[in-house]
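Everything on this sheet refers to the single structure shown next.
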Amino acid sequence: MKTIRAFHLIRLLRKSARVLLPTCLLFALCGNAPAMPGYGPFSPAEKVRSVRMDLWRRDDIPTTPTAFAATDTPRMVDRFIGAISGSSRATLELIRPLDEGNPTLRLTFPDGRAWTCLIEEKNALLPHLVDVFSAYLNEDDQPDMLVLFETTACGLAAERSDILFILSTKSGYRALLTETWNFDIGTIIDWKNNREAQWIQTLMWYADSSDRKTHLFWIHRLLAFRGDKLCPLDEFTPRWRMYTFKPNHTETPLLTKTQKEALFKKAVAEVRFQYLKEIPN
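The numbering of the sequence shown is our numbering, which starts it at 2 and goes up by one.
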């Protein structure tokens with residue numbers, strides 16, 4: 002009897018291993034290993050100046066009604082505190098209702114003034130608010146904010162990010178929501194080294210290539226901050242990098258100039274640029 006039980010136990014362990022081992026390996030590859038080798042429009046040898054980005058401190062509060070809530074509906078609040086002018090500290094809150102209703106973003110200044118905007122689609126943002134940064138992005142010498150949202154996926158899908166730029170204007174701020182791949186703060190640069198900030202936005206596109214294969218390409222373009230707008234930099238030609246399993250900063254020879262121009266228009270047409278609705282305080 003003991004021999005039979007041991008036999009069945011060994012069979013069960015073997016069957017379990019066939020499922021568990023590949024699953025564990027998948028999580029190890031996707032969850033812990035770097036999903037993305039080095040890509041980008043500039044090679045490491047090119048000296049491109051990064052713009053200083055100040056990281057805000059996360060200071061979340063419990064899932065309870067807040068002073069901002071008009072009702073006693075429980076809400077989840079992501080709160081960040083950071084420098085906005087010298088040593089003065091501002092607070093940024095993302096308030097998400099736990100039932101019905103749309104998320105709201107509120108920026109509170111050191112003097113008590115507040116700026117608020119509504120995210121009109123409940124699922125418009127990726128679920129994980131990762132970081133908040135402040136920097137001088139446009140030309141008015143007022144601090145601007147960058148809010149980073151990421152997915153909870155792994156592998157290649159984890160490289161997708163939502164970016165919310167909160168850009169200063171003459172009357173206050175305006176929030177612009179867009180998206181990118183492979184984001185890090187090194188993508189906010191001063192390309193010409195003339196104290197003007199640009200952002201490297203990365204698009205993803207599949208294309209049939211001259212080697213008769215379909216490849217995934219990263220398309221890098223440079224956007225300049227002009228007031229509350231992000232404007233393509235005309236003198237910067239979008240750069241195409243084929244997805245490989247090693248760092249790649251070389252322009253692909255697998256697509257013609259005509260192909261790149263046509264496919265670039267299609268890729269840009271699918272990118273979201275959405276201004277959020279401001280709520281009067």
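Just so you know, even glycine gets a beta-carbon here, dropped at the ideal spot from N, CA and C. Since the model is a prediction, treat every value here as computed from it, not as a measurement.
In terms of alpha-carbon separation, which member of the options lies closest to residue i?
{"i": "Thr215", "options": "Tyr244, Tyr40, His221, Thr259", "result": "Tyr244"}
{"i": "Gln202", "options": "Ile189, Val78, Ile120, Asn194", "result": "Ile189"}
{"i": "Lys171", "options": "Ala263, Asp229, Ser210", "result": "Asp229"}
{"i": "Leu127", "options": "Arg107, Leu147, Ala159", "result": "Ala159"}
{"i": "Thr257", "options": "Arg273, Ala268, Ala208, Asn249", "result": "Ala208"}
{"i": "Leu223", "options": "Asn249, Pro45, Val49", "result": "Val49"}
{"i": "Ser44", "options": "Leu217, Arg242, Thr152", "result": "Arg242"}
{"i": "Arg58", "options": "Gly39, Gly102, Ser51, Asp79", "result": "Asp79"}
When burial is assigned at 16 or more other CB atoms within 10 Å of the CB, is residue i buried or exposed?
{"i": "Pro144", "result": "buried"}
{"i": "Glu236", "result": "exposed"}
{"i": "Ala225", "result": "buried"}
{"i": "Ser135", "result": "buried"}
Determine the direct distance from the alpha carbon of residue j to that of residue i, and round the result to whole angstroms.
{"i": "Ile280", "j": "Leu177", "result": "15 Å"}
{"i": "Ser89", "j": "Pro111", "result": "6 Å"}
{"i": "Glu262", "j": "Glu180", "result": "21 Å"}
{"i": "Phe117", "j": "Lys278", "result": "It is worth fixing the name first, because residue 117 is Thr in this sequence and not Phe. Cα to Cα, the separation comes out at about 9 Å."}
{"i": "Lys193", "j": "Ile220", "result": "20 Å"}
{"i": "Arg240", "j": "Phe265", "result": "10 Å"}
{"i": "Glu94", "j": "Lys267", "result": "35 Å"}
{"i": "Tyr276", "j": "Glu122", "result": "12 Å"}
{"i": "Ser211", "j": "Trp200", "result": "30 Å"}
{"i": "Thr152", "j": "Arg114", "result": "32 Å"}
Excluding sequence positions up to five away, which residues of its chain have a Cβ less than 6 Å from the Cβ of residue i?
{"i": "Thr92", "result": "Ile82, Thr109"}
{"i": "Ser169", "result": "Asp141, Gln143, Asp145"}
{"i": "Thr251", "result": "none"}
If residue i sits next to residue j, beta carbons under 8 Å apart, how far is it from one beta carbon to the other, in whole angstroms?
{"i": "Ile164", "j": "Leu149", "result": "6 Å"}
{"i": "Met77", "j": "Leu106", "result": "At roughly 13 Å, the Cβ-Cβ gap does not stay under 8 Å, so Met77 and Leu106 are not in contact."}
Excluding sequence positions up to five away, which residues of its chain have a Cβ less than 7 Å from the Cβ of residue i?
{"i": "Asp132", "result": "Leu56, Leu149"}
Going by beta carbon distance, what residues of the same chain come within less than 8 Å of residue i, once the five residues before and after it are set aside?
{"i": "Ala154", "result": "Arg161"}
{"i": "Arg273", "result": "Leu178, Thr179, Glu180"}
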